[in-house]
Ligand SMILES: [Ca+2]
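Residue numbers (my numbering): 173 to 559.
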């Protein structure tokens, strides 16, 4: 039926232009194939080849929206894990910790950091028993990408959070799907086991890991450390990615969202509280009974603090384009080859329906072909072909 509709459409279009066409002309079908430049990575001379845009940090230079930023409404006090306290203030360039610092040039000699609004680190009941923090960072690509990793680098002196989740959207933020969880209490906070085995039957299932399990500093986080989520790690079909529709779908995202739920585990918060108490006592010679709970709370005021948010991946073109460009509406789209079309080269161009659309692989570029239609039209006109 699909073919018939297109054949009819094509015939009508050709009928308008064919009345004066000479009969018995001989036309080489190759003249219908667009000429490709030698340097086009999607072709080896005339032969179509799988091609793909460069691997990039898809977060770099993009706006990341933060639900909470330290010092947004003027000077605010926050404290690092070592107990030293500082001031943040969005209006003071030396104390500015805006979200722009998440996706700028990453230079270890000159780190820039985003910080959330301060929150108590030492409240052992803090977390899902009460209200989760829900500090959110959202990154939109404006186009489907295929992601290899999501990497979060924490600022020197900051704590690696105890509980957080990475979500993805593949429909521009309409719906969200969990990508990965981290927590010292996977079952309690996220209802998931930290011992989940990924097999070929559940390759699209997110895992929950206790990334702080091996921390030895008595705190829940490692200072200045990184969390790197590798999208294909431990997924059995990763070596057959070209032919695994499930994993191709799993790594596809238009947006990434990170939600920080809890800064410290209850155990680490308790240990920190005890340590702070003893340090304050020894330095001030105060007795425990004269310390107000507020002074402890203030000294234990921490922030989520990240110096870099990077996302490794490629603009998704299904093997049919070597780059993405902005269209006339300013939207990012693939520069499709192999007679494909769509923002992700996810369909065949009109009249190129000799066979169903398919993603390109190393073995087969799966170029869309329209010879059936062209031959049909020429036959109707009485024109022989040279193919
Ligand atoms: Ca930075």
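C-beta: ideal position from N, C-alpha, C; glycine also.
Treat the numbers as computed from the prediction; the structure is a model and nothing was measured.
Between residue i and residue j, which are expected to be in contact by the criterion C-beta below 8 Å, what is the C-beta distance as a whole number of angstroms?
| i | j | result |
| --- | --- | --- |
| residue 504 | residue 496 | 5 Å |
| residue 122 | residue 319 | The chain is shown from 173 up to 559; residue 122 falls before or after that span and cannot be answered. |
| residue 223 | residue 243 | Residue 223 to residue 243, Cβ: 46 Å. No contact. |
| residue 334 | residue 442 | Incorrect: roughly 13 Å between the Cβ atoms, too far for contact. |
Leaving aside the five residues before and after residue i along the sequence, list all residues of the same chain whose C-beta is less than 8 Å from its C-beta, in chain order.
| i | result |
| --- | --- |
| residue 367 | none |
| residue 383 | 332, 354 and 399 |
| residue 461 | Reliability of the predicted coordinates at residue 461 is poor, the pLDDT of 45 falling under 50, and no value is obtained from them. |
| residue 248 | 242, 259, 260, 261, 289 and 290 |
Kindly indicate which three-state DSSP category residue i falls into: helix, strand or coil?
| i | result |
| --- | --- |
| residue 262 | coil |
| residue 543 | helix |
| residue 421 | helix |
| residue 445 | helix |
| residue 370 | coil |
| residue 216 | strand |
| residue 311 | strand |
| residue 381 | strand |
| residue 344 | coil |
| residue 305 | coil |
| residue 533 | coil |
| residue 359 | helix |
Whole angstroms is fine: what's the gap from residue i's alpha carbon to residue j's?
| i | j | result |
| --- | --- | --- |
| residue 500 | residue 347 | 27 Å |
| residue 305 | residue 433 | 5 Å |
| residue 446 | residue 428 | 37 Å |
| residue 522 | residue 540 | 10 Å |
| residue 528 | residue 536 | 14 Å |
| residue 365 | residue 359 | 5 Å |
| residue 263 | residue 402 | 37 Å |
| residue 296 | residue 439 | Residue placement at residue 296 is poorly supported in this model, since its pLDDT is 47, which falls under 50; the coordinates still yield a value, given next. Each residue's Cα considered, the two are about 7 Å apart. |
| residue 424 | residue 542 | 29 Å |
| residue 370 | residue 422 | 13 Å |
| residue 520 | residue 239 | 41 Å |
| residue 314 | residue 218 | 32 Å |
| residue 620 | residue 285 | The structure shown does not extend to residue 620, since the chain is modelled only from 173 through 559, so no value can be given for it. |
| residue 509 | residue 279 | 37 Å |
| residue 417 | residue 488 | 14 Å |
Whose C-beta lies closer than 7 Å to the C-beta of residue i among residues of the same chain, with five residues either side of it excluded?
| i | result |
| --- | --- |
| residue 564 | The requested residue 564 is not part of the displayed model; the chain covers only 173 to 559. |
| residue 258 | 250 |
| residue 538 | 530, 531 and 532 |
Ignore the nearest five residues each way along the sequence and tell me which others in residue i's own chain have a CB closer than 6 Å to its CB.
| i | result |
| --- | --- |
| residue 404 | 410 |
| residue 310 | 237 and 429 |
Can a CB atom of chain B be found closer than 8 Å to the CB of residue i?
| i | result |
| --- | --- |
| residue 479 | Absence of chain B from the displayed structure is noted, only one protein chain being present. |
Legend entry - Cβ contact (3+ pairs, closer than 8 Å) linking the segment 223 to 235 and the segment 479 to 487: yes
Inset, instruction - Give a yes or no on contact between the segment 268 to 276 and the segment 338 to 352, applying the rule of three or more CB pairs nearer than 8 Å. - result: no
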